[in-house]
Amino acid sequence: MTLSTGDHIPSLEATQDNGRAYVPTPGRWRVLFFFPKTATSHCQLQARQYQAHLADFQALNVDVVGINGDPRQEQLAFRGICQLDYPLLDDGQQRISRQFGLLDEPWPGEQVRRPRRETFLVDPSGVVRRHWTQVDAGQDAPNVLQSVRDLMGGESRQLLV
617 MTLSTGDHIP
627 SLEATQDNGR
637 AYVPTPGRWR
647 VLFFFPKTAT
657 SHCQLQARQY
667 QAHLADFQAL
677 NVDVVGINGD
687 PRQEQLAFRG
697 ICQLDYPLLD
707 DGQQRISRQF
717 GLLDEPWPGE
727 QVRRPRRETF
737 LVDPSGVVRR
747 HWTQVDAGQD
757 APNVLQSVRD
767 LMGGESRQLL
777 V
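For any residue, its number in the numbering used here is found by taking its place in the sequence shown, counting from 1, and adding 616.
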């Protein structure tokens, strides 16, 4: 079952692409965007859009986190190609994607199941406040940023619980 608005997310005990444990920053909101494959132009576009808007998210007390199941070496290459400054979580065991209910059937010619491209806005207490399905890779970051601003009721306040 896919998590949706109002659900509590499972604990995100994960390793980042750099090998370090991921620890959410207490008191901050999170954008969790799942993407299927590092070596595709759509996934790179989505990641670059989040990087382009990263300062705007951070100014609003929101962290950005990408989640993908490709091997860590591919994630590291992806980070370099896209010049990313936010965490990428290693979901090679597909535990996170499974917990969020996002695994699709294998792509043609592949054996591995990949997560659907979906995005979650999570408050500091771990509750999903918004959930986007059928995400447009090029518009995801600006759409989510606008939703954050709408939740705040203006651009000058930070999101608080």
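Think of the CB as a built atom: it goes at the ideal place given N, C-alpha and C, for glycine as much as any other residue.
What you are looking at is a predicted structure, and each value in this text was computed from that prediction instead of being measured.
Beta-bridge annotation (DSSP): Gln-699 is not paired with any residue. Spatial neighbours of Cys-698 in its own chain (CB-CB distance under 7 Å, excluding positions within 5 residues in sequence) are listed in chain order as Gln-660, Ala-663, Arg-664, Gln-667. Cβ-Cβ separation between Asn-684 and Leu-704: approximately 6 Å, consistent with a contact (criterion under 8 Å). A distance of 8 Å or more separates the beta carbons of Arg-733 and Phe-673. The C-beta distance from Arg-646 to Pro-652 rounds to 20 Å, too long to meet the 8 Å contact threshold. Under a 10 Å Cβ-count criterion, Thr-749 is classified as exposed, with fewer than 16 other Cβ atoms of the shown protein chains found around its own Cβ. In the DSSP assignment, Glu-734 is bridged to Phe-650. Pro-740 sits close to Gly-643, with the two beta carbons spaced by under 8 Å.
Runs of the beta strand (DSSP E) lying entirely within the region 619 to 651 and spanning at least 3 residues, in chain order: 645 to 650.
The DSSP-derived three-state label of His-669 is coil.
Taking Ser-627 as reference, the option from Ile-712, Arg-730, Pro-731, Leu-719 with the minimal CA-CA separation is Ile-712. Looking at the DSSP output, Asn-684 sits in a beta bridge with Asp-706. Non-local C-beta neighbours of Ala-693 in its own chain, meaning closer than 8 Å and more than five positions away in sequence, comprise Thr-654, ordered along the chain. Close CB contacts of Gly-754 within its chain, under the 7 Å cut and outside five residues either way in sequence, are with Leu-661, Gln-665 (chain order). Just so you know, the alpha carbons of Gly-708 and Asp-686 end up roughly 6 Å apart. In the displayed model, Val-744 falls within a strand according to three-state DSSP.
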